[in-house]
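Asker:
2 protein chains.
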Amino acid sequence: MIFTTKAEYGVRLLVELGRQHDGAGAPGGRGPTSLKAIAEAEELPLAYLERIVALLKKAGLVEATRGAHGGYRLTRQPAEIHMDEVVLALEGVVAPMTCFVAEDGAPVSGRVVCNHEADSGHGCATKLLWTRVQGGVVKALAQTTLAELVAFSNRPQQHQTATAVRDAAAVA
Amino acid sequence: MIFTTKAEYGVRLLVELGRQHDGAGAPGGRGPTSLKAIAEAEELPLAYLERIVALLKKAGLVEATRGAHGGYRLTRQPAEIHMDEVVLALEGVVAPMTCFVAEDGAPVSGRVVCNHEADSGHGCATKLLWTRVQGGVVKALAQTTLAELVAFSNRPQQHQTATAVRDAAAVA
DNA sequence: GGCTTCTCCGACCTACGCGGTAGGATTAGG
DNA sequence: CCTAATCCTACCGCGTAGGTCGGAGAAGCC
Numbered sequence: 102m103i104f105t106t107k108a109e110y111g112v113r114l115l116v117e118l119g120r121q122h123d124g125a126g127a128p129g130g131r132g133p134t135s136l137k138a139i140a141e142a143e144e145l146p147l148a149y150l151e152r153i154v155a156l157l158k159k160a161g162l163v164e165a166t167r168g169a170h171g172g173y174r175l176t177r178q179p180a181e182i183h184m185d186e187v188v189l190a191l192e193g194v195v196a197p198m199t200c201f202v203a204e205d206g207a208p209v210s211g212r213v214v215c216n217h218e219a220d221s222g223h224g225c226a227t228k229l230l231w232t233r234v235q236g237g238v239v240k241a242l243a244q245t246t247l248a249e250l251v252a253f254s255n256r257p258q259q260h261q262t263a264t265a266v267r268d269a270a271a272v273a
Numbered sequence: 102m103i104f105t106t107k108a109e110y111g112v113r114l115l116v117e118l119g120r121q122h123d124g125a126g127a128p129g130g131r132g133p134t135s136l137k138a139i140a141e142a143e144e145l146p147l148a149y150l151e152r153i154v155a156l157l158k159k160a161g162l163v164e165a166t167r168g169a170h171g172g173y174r175l176t177r178q179p180a181e182i183h184m185d186e187v188v189l190a191l192e193g194v195v196a197p198m199t200c201f202v203a204e205d206g207a208p209v210s211g212r213v214v215c216n217h218e219a220d221s222g223h224g225c226a227t228k229l230l231w232t233r234v235q236g237g238v239v240k241a242l243a244q245t246t247l248a249e250l251v252a253f254s255n256r257p258q259q260h261q262t263a264t265a266v267r268d269a270a271a272v273a
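Protein chains in written order, with this note's numbering: chain S, 102 to 273; chain U, 102 to 273.
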């Protein structure tokens, strides 16, 4: 499996925030949303969400107001939030293999290097393959915005599988 | 990380077999290659390789001859072997998330379904995202053949990173 | 001021799967 | 029969994903 529940829960958390963020004039919309509300809506463990949202905050995707009636809100419009950034914040660098290390702790889109070059004269052939795979993943992530996911989650449930497949095909 | 060393080692093993498989007239080329030779060439643990090659054999990608001077050989031309099939054999179904289960133990390219639909009225928004990601991965794998990897591994080592990046860009 | 309701923070725990080993049984050439 | 190879299955250590617990600050509300 490629992503952990950190990414899963984190994205669902952002979608929930994005749903509040609708066109409410002033940036920030209405008041912030508490984690507790999100945890109940998505049926996720609150304590675990706390640690996940901390990652999003550290990445500047989300801001918090503390105290009673506090909570979290997005720092940008959902349409401005691309999933490559989100996944980077949640999972760290996206590399298809342990031997892939970014050249400088670089971001998702950073170029990547294989560290067991000196195998036996010929360099490891897998590098080409993993590079292509990573390219495919990053491209898919970068092309998806939070706004899309919010819109998708608001659609009626019935033919969602079909539409998801169609959307995915449209990307390809 | 997305793939385990099973995929890494398995691909390297196939590349090594593909290198022997060059145009030697009769299908099968010269005699089979022993695992021991491959393990030494790639500096991989022999006992572990045994288990990995068993997966490839079960998938029909490779055939074995037992006994002294035995070993493994490819069942097809390297240009006919696509990496989606290889990775499927080695890693099992490629799903970006645990909640993704194929509709019938289907192959890599099979359509996929999220199993926690009934969340709270609205279906999980992540499905769209993971579907797109999986599409990107499968596409990248299916477009790469063993022949390409063999050719790549035979190139001089020097500018390999640069060429890998260029090749990956060409895919996109 | 004292609640309550939040965010914050770090220590702690547990099950599981990856990566690897050990030891043998089986088959085939010399 | 010995050796070289594939086969097969059980075992094992360790890192980490996934989650819990408890408590310390911050800010609104009575």
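Positions of the beta carbon are idealized from the N, C-alpha and C atoms, including for glycine.
Keep in mind the model is a prediction, meaning the values are calculated, not measured.
(1) Taking the beta carbon of P146 (chain U) as the centre, do at least 16 other beta carbons fall within 10 Å, making it buried, or is it exposed?
(2) In the structure shown, what three-state DSSP assignment does L145 (chain S) receive?
(3) Just to make sure I have the definition right: I need the residues of chain S whose C-beta is within less than 7 Å of the C-beta of V154 (chain U). Which are they?
(4) Under 8 Å Cβ to Cβ from L118 (chain S), same chain only, skipping five residues before and after it: list those, please.
(5) For L175 (chain S), which three-state DSSP category applies?
(6) Starting from I51 (chain U), find everything on chain S with Cβ-Cβ shorter than 9 Å and list it in chain order.
(7) Which chain U residues sit within Cβ distance under 9 Å of E186 (chain S)?
(8) Do the CB positions of L150 (chain S) and Y110 (chain S) come within less than 8 Å of each other?
(9) Just the Cα atoms here: how many angstroms apart are R191 (chain U) and A169 (chain S)?
(10) Would you tell me roughly how many angstroms separate the C-alpha atoms of L229 (chain S) and R256 (chain U), rounded to the nearest one?
(11) Using a beta-carbon distance below 8 Å, is L191 (chain S) in contact with chain U?
(12) Quick one: list the residues of chain U neighbouring S135 (chain S), beta-carbon separation under 8 Å, in chain order.
(13) Here's a check: name, in chain order, each residue in its chain whose Cβ is nearer than 6 Å to the Cβ of A243 (chain S), leaving out the five neighbours to either side.
(14) Closer than 7 Å by C-beta to L114 (chain S): which residues in its own chain qualify, once you throw out the five before and the five after it? Chain order, please.
(15) When you compare only the Cα positions, how much space is there between W231 (chain S) and T232 (chain U)?
(16) I'd like to confirm the pairing. Which residues does DSSP put opposite T166 (chain U) in its beta bridges?
(17) Taking 8 Å as the threshold (C-beta atoms), are V234 (chain U) and V238 (chain S) in contact?
(18) Based on Cα-Cα distance, which residue from S:L157, S:P197, S:A108, S:K107 lies nearest to G236 (chain S)?
(19) By alpha-carbon positions, which one of U:E249, U:C225, U:R167 ends up nearest to E144 (chain S)?
(20) I'd like to know whether the C-beta of E181 (chain S) is nearer than 8 Å to at least one C-beta of chain U.
(21) List the residues of chain S that V116 (chain U) touches, going by C-beta distances under 7 Å, in chain order.
(22) Throw me the rounded Cβ distance for the K158 (chain U) and A165 (chain U) pair, which I believe falls under 8 Å.
(23) R167 (chain U) touches chain S at which residues, Cβ-Cβ below 7 Å?
(24) With T106 (chain U) as the anchor, note down where its alpha helix (DSSP H) starts and where it stops.
(25) Using DSSP with H/G/I as helix, E/B as strand and the rest coil, what is I103 (chain U)?
(26) Under 8 Å between beta-carbons, which chain S residues line up against V251 (chain U)? List them in chain order, please.
(27) Alpha carbons only, please: which of U:F253, U:A248, U:V112 is nearest the one belonging to M177 (chain U)?
(28) Beta carbon of V112 (chain U), beta carbon of P179 (chain U): below 8 Å?
(29) Since E109 (chain S) meets chain U, which of its residues come closer than 8 Å, beta carbon to beta carbon?
(30) From G193 (chain U) to A241 (chain U), what distance separates their C-alpha atoms?
(31) With distance defined between alpha-carbon atoms, name the residue in U:T227, U:E181, U:T245, U:R120 nearest to T106 (chain S).
Answerer: From the atom records:
(1) exposed
(2) coil
(3) Neighbours of V154 (chain U) on chain S: none; closest Cβ ~16 Å, over 7 Å.
(4) T134, I139, V163, Y173, R174, L175
(5) Note: L175 (chain S) maps to strand in three-state DSSP.
(6) Only positions 102 to 273 of chain U appear in this structure, which leaves residue 51 (chain U) out of reach.
(7) Within chain U, not a single residue places a beta-carbon under 9 Å from that of E186 (chain S); the smallest gap is close to 13 Å.
(8) yes
(9) Position check: residue 191 (chain U) holds Leu in this sequence, whereas Arg was assumed. L191 (chain U) and A169 (chain S): Cα-Cα distance of roughly 52 Å.
(10) 12 Å
(11) no
(12) Within chain U, no residue comes near S135 (chain S); the closest Cβ sits about 16 Å away, beyond 8 Å.
(13) Residues of the same chain with a CB within less than 6 Å of the CB of A243 (chain S), apart from the 5 flanking positions on each side, are H183, D185 in chain order.
(14) I139, L150, I153, V154
(15) Each residue's alpha carbon lies about 19 Å from the other.
(16) U:G172
(17) Result yes, Cβ atoms of V238 (chain S) and V234 (chain U) sit closer than 8 Å.
(18) Per the Cα distances, S:P197.
(19) U:C225
(20) Closer than 8 Å: no.
(21) A226
(22) 6 Å
(23) The premise fails here: R167 (chain U) is roughly 27 Å from chain S at the closest Cβ pair, so nothing lies under 7 Å.
(24) 106–121 is the extent of the alpha helix (DSSP H) around T106 (chain U).
(25) coil
(26) A226
(27) Contrary to the premise, residue 177 (chain U) reads as Arg rather than Met in this sequence. The shortest Cα separation from R177 (chain U) among U:F253, U:A248, U:V112 belongs to U:A248.
(28) no
(29) M198, C200, T227
(30) 17 Å
(31) For T106 (chain S), the closest of U:T227, U:E181, U:T245, U:R120 by C-alpha to C-alpha distance is U:T227.
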